[in-house]
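Visitor:
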Amino acid sequence: MKNVIQSYTDFHKSKSSGHLYPTEWLIRTLLGSYPQLDFDNSKFRNSKLLDIGFGDGRNFMLFDNCGADIHGVEISKDICDLVYKKFENQMKLELRVGRNSNIPFEDNFFDFAIASSSCYYVDEGTVFADNINEINRILRPNGWFIANFPLFNKDYPSINESFILENNEKIDDEHIVIRNDIYGLRNGYKFWAVRNKEHLIDSIGHKFKNFSFSVLLDNFYGVQINMLVVVCQKK
Ligand SMILES: C[S@@+](CC[C@H](N)C(=O)[O-])C[C@H]1O[C@@H](n2cnc3c(N)ncnc32)[C@H](O)[C@@H]1O
1 MKNVIQSYTD
11 FHKSKSSGHL
21 YPTEWLIRTL
31 LGSYPQLDFD
41 NSKFRNSKLL
51 DIGFGDGRNF
61 MLFDNCGADI
71 HGVEISKDIC
81 DLVYKKFENQ
91 MKLELRVGRN
101 SNIPFEDNFF
111 DFAIASSSCY
121 YVDEGTVFAD
131 NINEINRILR
141 PNGWFIANFP
151 LFNKDYPSIN
161 ESFILENNEK
171 IDDEHIVIRN
181 DIYGLRNGYK
191 FWAVRNKEHL
201 IDSIGHKFKN
211 FSFSVLLDNF
221 YGVQINMLVV
231 VCQKK
């Protein structure tokens, strides 16, 4: 099995041509209006935003349209270079090589930390709490953390398990190894997978406050994706 750096670098290279479209849950969170979500994207104007694990940069246009000053972290220089090139005539970016557990920006720097399908990747020798400490460190007090997580179906037993979590290998009460990625990209990787909202609050509530949640239980052409989305603020 290739390591995570090589497989994601190859993956993003293979998809590097063509248009980019933002991730659906982020569009809904940032542009929608919901009674239980105390957030509107006017807060982005002139803000410092970090996209953690930005991938092919598909969410940058959305952040740019909302007026944010965009920074990003990815796991290889090749991925950063690919995305710099893609946007070179479109927007100013500050992209650095880093990890969830090691974000190369200073303390209290960001107004927003956004992690779209990324902050639950847990590096060997680290635990999810290390990722949370790091995300908390780079946010200013009251800065916003917006993220999604693969959600176990335990609270929704009539729904199938998320494809990514099926047949996983349990490491401990908090972490699993992915064994059944139908896209063949993440098998062997260590993930943190959340059981429900209360579990998320128990895990990060000592560092974050003002939680808003969304639950997506989605079967799309046979692929089950169960997702917990959180919007919260640094204490
Ligand atoms: C599923 S992709 C999501 C990409 C993008 N954010 C999106 O919404 O399309 C996960 C991304 O996380 C990155 N990643 C993997 N392990 C990571 C780690 N330990 N720290 C930070 N990012 C990581 C991968 O390189 C990959 O681009």
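Letter by letter, the sequence shown follows residues 1 to 235 of the working numbering.
C-beta: ideal position from N, C-alpha, C; glycine also.
#1: Indicate the three-state DSSP secondary structure (helix, strand or coil) for Met1 in the structure shown.
#2: Residues bridged to Met91 by DSSP?
#3: How many whole angstroms separate the CB atoms of Asn160 and Asn153, which I take to be in contact at a CB cut-off of 8 Å?
#4: Thinking Pro240 and Arg58 are a contact (beta carbons under 8 Å), I'd like their distance in whole angstroms, please.
#5: Within the present structure, is the beta-carbon of Val4 separated from the nearest heavy atom of ligand 1 by less than 6 Å?
#6: Would you check whether ligand 1 has a heavy atom nearer than 6 Å to the C-beta of Gly18?
#7: Mind reading off the beta-carbon distance from Lys170 to Glu124? Whole number of angstroms is fine, and I expect it under 8 Å.
#8: How many angstroms separate the CA atom of Ser162 from the CA atom of Arg99?
#9: Over the uninterrupted alpha helix (DSSP H) stretch that includes Leu31, give me the two end residues.
#10: Looking at Asn100 and ligand 1, is the gap between the Cβ and the nearest heavy atom below 6 Å?
#11: Could you name the residues of the same chain whose beta carbon sits closer than 8 Å to that of Phe87, not counting the 5 residues immediately before and after it, in chain order?
#12: Pick from Ala193, Tyr156, Ile204 and Gly188: whose alpha carbon is nearest that of Asp172?
#13: Return yes when the Cβ of Ser76 is within less than 7 Å of the Cβ of Ile138, no when it is not.
#14: In whole angstroms, what separates the C-alpha of Ser118 from that of Asp38?
#15: What's the C-alpha gap between Leu165 and Asn133?
#16: Would DSSP call Leu37 helix, strand or coil?
#17: Reducing DSSP to helix, strand and coil, say where Asp69 ends up.
#18: Using 10 angstroms around the beta-carbon of Ile176, count the other beta-carbons present and answer buried if the total reaches 16, otherwise exposed.
#19: Just how far apart, CA to CA, sit Ser158 and Leu217?
#20: When the Cα atoms are used, what is the spatial distance from Asn52 to Phe220?
#21: Going by the C-beta, is Gly53 closer than 6 Å to any heavy atom of ligand 1?
Guide: The answer reads as follows:
#1: Reliability of the predicted coordinates at Met1 is poor, the pLDDT of 41 falling under 50, and no value is obtained from them.
#2: Beta-bridge pairing links Met91 to no other residue.
#3: 7 Å
#4: Here the chain covers residues 1 to 235 and nothing more, so residue 240 does not appear.
#5: yes
#6: no
#7: Not confirmed; about 17 Å, so no contact.
#8: 25 Å
#9: Glu24 to Leu31
#10: yes
#11: Gly57, Phe60 and Leu93
#12: Ala193
#13: no
#14: 23 Å
#15: 24 Å
#16: coil
#17: strand
#18: buried
#19: 11 Å
#20: Per the sequence presented here, residue 52 reads as Ile, with Asn not at that position. Between Ile52 and Phe220, the C-alpha separation is close to 26 Å.
#21: yes
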